[in-house]
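One structure is given here, and the rest of the page talks about it.
Residue numbers (our numbering): 7 to 279.
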């Protein structure tokens with residue numbers, strides 16, 4: 007029993023399975039009305055079949071009479087047989103057994119086709135439509151609930167940002183400002199730092215454990231891999247830029263040294279003198 011409950015708990019972790027269970031629980035009332043209508047129509051057609059068989063048994067043989075009695079002898083048997091026709095379980099064989107009655111085949115064909123029409127084109131679409139409508143309503147309610155949660159979190163974040171004074175900035179923003187003193191005069195950058203630090207502090211205070219699906223974890227790992235590859239390429243570009251700037255700096259600051267005269271040239275100049 008505990009294993010079954012564990013399996014159900016694991017199944018409820020998935021959003022689609024949760025939608026299915028919620029839709030089934032909410033559509034019980036509507037499905038009950040459709041099933042009740044099916045039972046009433048099945049009972050009505052069972053009474054018609056019982057009347058037809060009792061009317062046609064007066065002039066049939068004993069062998070066919072036993073077969074017809076096994077199918078339509080009583081109301082429960084007739085109900086089960088009509089339900090078999092509804093589910094299309096050997097409906098053609100049942101119709102051929104009904105041909106043994108001393109009734110016109112047109113009436114039997116009309117009876118079987120009308121019940122198949124009601125069962126296949128009226129009752130089944132009603133049941134499927136009820137389920138599909140409930141699934142859509144459940145999905146819309148879940149999406150609206152998620153949107154409300156997101157809007158509430160945004161409102162709470164905005165309230166925290168408004169209530170915080172500019173003097174009580176976080177350590178993260180002050181650290182980034184100290185690292186980049188050039189951008190101290192940029193108001194937009196400071197505002198972004200303040201909002202980011204407030205959001206990080208809010209997330210740290212209201213920490214909520216979330217069970218992510220497996221495919222989301224794989225997608226997150228793929229994004230991390232791409233992110234680290236981009237960081238490595240960015241570091242290489244910075245290295246190339248630094249090397250190029252150093253070479254330019256060396257070329258600009260290289261001193262112009264005077265030519266050094268060799269000993270042979272100095273001796274030749276003395277001989278000329």
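Idealized CB from N, CA, C, for every residue including glycine.
| Item | Value |
| --- | --- |
| Measure the alpha-carbon distance for residue 105 versus residue 133 and round it to whole angstroms. | 32 angstroms |
| Here's the rule: buried if 16 or more other CB atoms are within 10 angstroms of the residue's CB, otherwise exposed. What is residue 59? | buried |
| Near residue 145, which residues of its chain fall below 8 angstroms by C-beta distance, leaving aside the five closest residues on each side in sequence? | 25 |
| Return yes when the Cβ of residue 92 is within less than 8 angstroms of the Cβ of residue 135, no when it is not. | no |
| Under 8 angstroms, do residue 103 and residue 77 count as touching if we go by C-beta distance? | yes |
| Along the alpha helix (DSSP H) that carries residue 103, what are the first and last residues, could you check? | 97-104 |
| With DSSP run on the structure shown, which of helix, strand or coil describes residue 5? | Given a span of 7 to 279 for the chain in the structure shown, any question on residue 5 remains unanswerable. |
| Nearest to residue 99 by CA position, among 74, 39, 83 and 127, is which residue? | 74 |
| From residue 37 to residue 142, what does the alpha carbon distance come to, in whole angstroms? | 16 angstroms |
| My output table needs one value for residue 33: the three-state DSSP class, helix, strand or coil. | coil |
| I need the straight-line Cα distance from residue 49 to residue 157, nearest angstrom please. | 53 angstroms |
| At the level of alpha carbons, what is the spacing between residue 123 and residue 209? | 59 angstroms |
| Within this structure, are the beta carbons of residue 140 and residue 29 separated by less than 8 angstroms? | yes |
| Exposed or buried, residue 256, counting other C-beta atoms within 10 Å across all chains shown (16 or more means buried)? | exposed |
| Please report the straight-line C-alpha distance between residue 87 and residue 101, rounded to a whole angstrom. | 11 angstroms |
| Is the distance from the Cβ of residue 31 to the Cβ of residue 137 below 8 angstroms? | no |
| Starting from residue 202, trace the alpha helix (DSSP H) in both directions and tell me its first and last residue. | 193-211 |
| Does the Cβ of residue 222 have 16 or more other Cβ atoms within 10 Å, making it buried, or fewer, making it exposed? | exposed |
| Please classify residue 79: does DSSP put it in a helix, a strand, or coil? | coil |
| Report buried or exposed for residue 237, applying the criterion of at least 16 other Cβ atoms within 10 angstroms of its Cβ. | exposed |
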